[in-house]
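FYI, in numbering that gives the first Met the number 0 the residues of the sequence shown are 0 to 153.
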Amino acid sequence: MAEVLFGQSYYLRFDPKLWEAMQPYPPLGTLYAAAYVRERGYDVALFDAMLADSEERWAEALDRHQPRFAVLYEDNFNYLSKMCLLRMREAAITMTRMAKERGCTVILCGADATDHAPLYFDANVDFVLQGEGEITLGELLDSLTGRSQQPVEE
Numbered sequence: 000m001a002e003v004l005f006g007q008s009y010y011l012r013f014d015p016k017l018w019e020a021m022q023p024y025p026p027l028g029t030l031y032a033a034a035y036v037r038e039r040g041y042d043v044a045l046f047d048a049m050l051a052d053s054e055e056r057w058a059e060a061l062d063r064h065q066p067r068f069a070v071l072y073e074d075n076f077n078y079l080s081k082m083c084l085l086r087m088r089e090a091a092i093t094m095t096r097m098a099k100e101r102g103c104t105v106i107l108c109g110a111d112a113t114d115h116a117p118l119y120f121d122a123n124v125d126f127v128l129q130g131e132g133e134i135t136l137g138e139l140l141d142s143l144t145g146r147s148q149q150p151v152e153e
């Protein structure tokens with residue numbers, strides 16, 4: 000079991016042009032945030048959607064790791080995270096629903112969530128981090144787990 004499951008909603012299969020070119024990339028921003036949170040003492044796991052065939056693989060990761068927190072941390076290092084937004088937004092919302100069905104607190108960080116936070120809140124996302132969010136994520140997790148008494152700012 001992992002306390003925090005990280006993922007991202009960029010599925011290469013949902014981007015026909017790059018799927019045909021077979022140009023995957025590692026989710027560096029997601030990896031960086033997961034490493035930062037692990038360094039703060041949290042047990043983390045990672046789901047890499049890049050080569051997954053559907054959101055069902057995320058559901059399997061949720062069932063396997065049974066996290067308290069599901070973090071969709073989009074990769075701001077790569078322009079691809081800003082492309083195909085409607086399909087990737089649908090994936091993020093589906094992934095959110097799956098996590099909420101399993102009792103997770105859902106936290107999002109990424110360009111689309113920043114630009115369209117109300118849409119994600121309507122989909123039951125609990126928190127949207129603004130901008131580069133690894134430090135804010137660490138502070139938020141500390142607050143939510145009681146490691147810190149610092150209040151969460153809206």
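In this text, a Cβ means the ideal position worked out from N, Cα and C, and glycines have one as well.
(1) Which same chain residues end up closer than 6 Å to residue 111 when comparing Cβ atoms and leaving out the 5 residues on each side of it in sequence?
(2) Contact defined as beta carbons within less than 8 Å: I believe residue 118 pairs with residue 128. What is the distance between those atoms, to the nearest angstrom?
(3) Measuring CB to CB, does residue 5 end up less than 8 Å from residue 46?
(4) Which residue from 109, 114, 55 puts its Cα closest to that of residue 93?
(5) If I measure Cβ to Cβ from residue 125 and keep anything under 6 Å in the same chain, skipping five residues before and after, which residues do I get?
(6) Quick one: what does DSSP say residue 44 is sitting in, helix, strand or coil?
(7) Under a three-way DSSP split, which group does residue 24 fall into?
(8) Closest to residue 42 by CA distance: which of 63, 91, 17, 0 is it?
Short version:
(1) 84, 88
(2) Their Cβ separation, rounded to whole angstroms, is 15 Å, which puts residue 118 and residue 128 out of contact at 8 Å.
(3) yes
(4) 55
(5) 104, 105
(6) strand
(7) coil
(8) 0
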